[in-house]
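Reading through the structure tokens given below for one structure.
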Amino acid sequence: MRMVSEEGGMGGCLDENQLAELVEGRLASGGQRALMAHLDGCRSCRQVLAAFARSAAPTEQEGSQDSAIAATLMAQKRTALPEIGRTLSGRFQLGRILGYGAMGVVYEAQDGLLGLKVALKVLRPDIAEKAELLKHLRREILLGRRISHPNACRIYDLGADDELHFITQELVAGESLQAILERAPVAPAWIVPILKQVCAGLAAAHQEGIVHRDLKPANIMLEDTGRAVVMDFGLAADETRRELSQGGPVGTPAFWAPEQARGEPATPASDVWAVGAIAYLLFTGRRYAPAASLDGVPPEARTFVRRCLEPNPEMRPRTAKEAYRVLSGTSPSLAPLHAPRRVWLWALLALVAIAAFLVVFLLGRGGLSAPVGSSSSSGERLPTPDRRGPGLGARPESASAHGERC
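Using the working numbering, the final residue of the sequence shown is 426, and nothing's skipped along the way.
Dropping the structure here:
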């Protein structure tokens, strides 16, 4: 039976035949790309595929949805997942599986040379065996190295170990915006700080002539500190070069700009459209559709969302830097990057009261033999970070300390 998916990508969810073909590696590369694009945006299909993959080809990491799907991604050439604990290139010791993507499986790894943890993405065999694609990836990694910004994930290198090819990049401690949204809506106080950081990270890429092309909630990581990091510039392209002739449109359909859906080359304005689509989703809880109402978007943010979602790219902010400026003009009430002053006032009064009580108590017990001077504190103390994260109503902690440099 074929079900209709509200989350898009193919116009319907996977049926049993498609699941079997994907798990058994019988799909052509074009068909696999379409199915993986759908899986990126459809939680129910990922769950069904994970169960199907576990029953058809159990792995050592059985019980993990990500590892079951990761095994499916490697099934094209019947290549087993690299086992946890294996050391690649005599340097990177594989730890737990962090997730999966259209390009392969992502591990946490320990870099024995530099003594730090990295994210290591093992590429699918059908990608790794194509010299032209590897050449393309090497070029993109060189491009990605030019991006240096707290809100953009740093790419390190492309390596190989026997038949395996892998990419190493910065390990971001957090979870994806998509994972947070699958649990609960993002707290309103977090939305604009997240969007500003996303714009800032993209602006650093646009300044280097790099277009992301596949910005979506799954490619935005959020740390407990409030830092947002744009991930996966592996699909990025130097806008001065042509698209790969066999590649066609690249990205996830639900967050394609109209020109991408028409098969036209992506530009920085295409990334801006994706930012608008993500903003619409965060504010309303719904995916954007053409001519959709802006009901649910706060009035102060409607100009930003409307401009980003203009069908004509010439009418949008041309780059993420311009989008950042538009967003910075929204009402301050939408973007409380710090606790309100009234909260600080009450906190200060409480501290003074506690200090006064301690002084009186110690004097009464004879515990102080010298006069008590005034406090030497010269500044406010930042509150302890709320570990609940943006999806559970926490207030963002000084996000500007981690990035937003535009």
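Even for Gly, the Cβ is constructed at its ideal location relative to N, Cα and C.
Simplified DSSP state of residue 244, which is helix, strand or coil
coil
Rounded to the nearest angstrom, what separates residue 234 and residue 110 at their Cα positions?
33 Å
Return the CA-CA distance between residue 247 and residue 217, expressed in angstroms with no decimal places.
8 Å
Quick one: what's got a C-beta closer than 7 Å to residue 196's C-beta in the same chain, skipping five residues either side?
237, 238, 240, 241
Just to confirm the assignment, what range does the beta strand (DSSP E) spanning residue 185 have?
184-190 is the extent of the beta strand (DSSP E) around residue 185.
Nearest-angstrom Cα separation, counted from residue 219 out to residue 445
With the chain running from 21 to 426 in the structure shown, residue 445 is simply not present.
For residue 108, tell me which candidate among 135, 121, 117, 140 has the shortest Cα-Cα distance.
140
Under 7 Å, do residue 340 and residue 222 count as touching if we go by C-beta distance?
Yes.
Could you tell me the alpha carbon to alpha carbon distance between residue 34 and residue 198, rounded to whole angstroms?
20 Å
Segment limits, alpha helix (DSSP H) that includes residue 112
Per DSSP, residue 112 belongs to no alpha helix (DSSP H); it is in the beta strand (DSSP E), 112-121.
Between the alpha carbons of residue 213 and residue 336, how many angstroms are there, rounded?
21 Å
Taking one C-beta from the segment 279-297 and one from the segment 317-336 each time, how about it: are there three or more such pairs within less than 8 Å?
yes
Starting from residue 128, follow the beta strand (DSSP E) in both directions and report where the run begins and ends.
124-131
With a CB to CB cut of under 6 Å and the five nearest residues on each side skipped, what residues in its chain are close to residue 300?
308, 325
Near the ligand HEM: residue 244 beta-carbon under 6 Å from a heavy atom
Within the structure as shown, the ligand HEM is missing, as the structure has no ligands at all.
Using only alpha-carbon positions, find the residue among 113, 318, 349, 275 that is nearest to residue 135.
113
For residue 202, count the other beta carbons within 10 Å of its own beta carbon; 16 or more makes it buried, fewer makes it exposed. Which is it?
exposed
Tell me the rounded alpha-carbon separation between residue 316 and residue 348.
So the alpha carbons of these two residues sit roughly 20 Å apart.
Roughly how many angstroms lie between the CA atoms of residue 106 and residue 319, to the nearest whole one?
Cα-Cα distance, rounded: 53 Å.
Which first and last residues belong to the beta strand (DSSP E) in which residue 138 is found?
136-143
Just curious, the beta strand (DSSP E) that residue 179 is in, first and last residue?
Element bounds for residue 179: 175-181.
So residue 333 packs on residue 279, CB below 8 Å; how close in whole Å?
Beta-carbon to beta-carbon, residue 333 and residue 279 are separated by about 6 Å, close enough to satisfy the 8 Å threshold.
In this structure, does DSSP put residue 167 in helix, strand or coil?
coil
What is the DSSP secondary structure of residue 330, reduced to helix, strand or coil?
coil
Leaving out the 5 sequence neighbours to the left and right, which residues in its chain are closer than 6 Å to residue 132 when beta-carbon positions are compared?
111
Exposure label - residue 171; buried when at least 16 CB within 10 Å
buried
Our contact map puts residue 187 next to residue 228 with C-beta atoms below 8 Å; I'd like the distance itself, whole angstroms only.
In fact, because the Cβ distance is near 18 Å, the residues do not count as touching under 8 Å.
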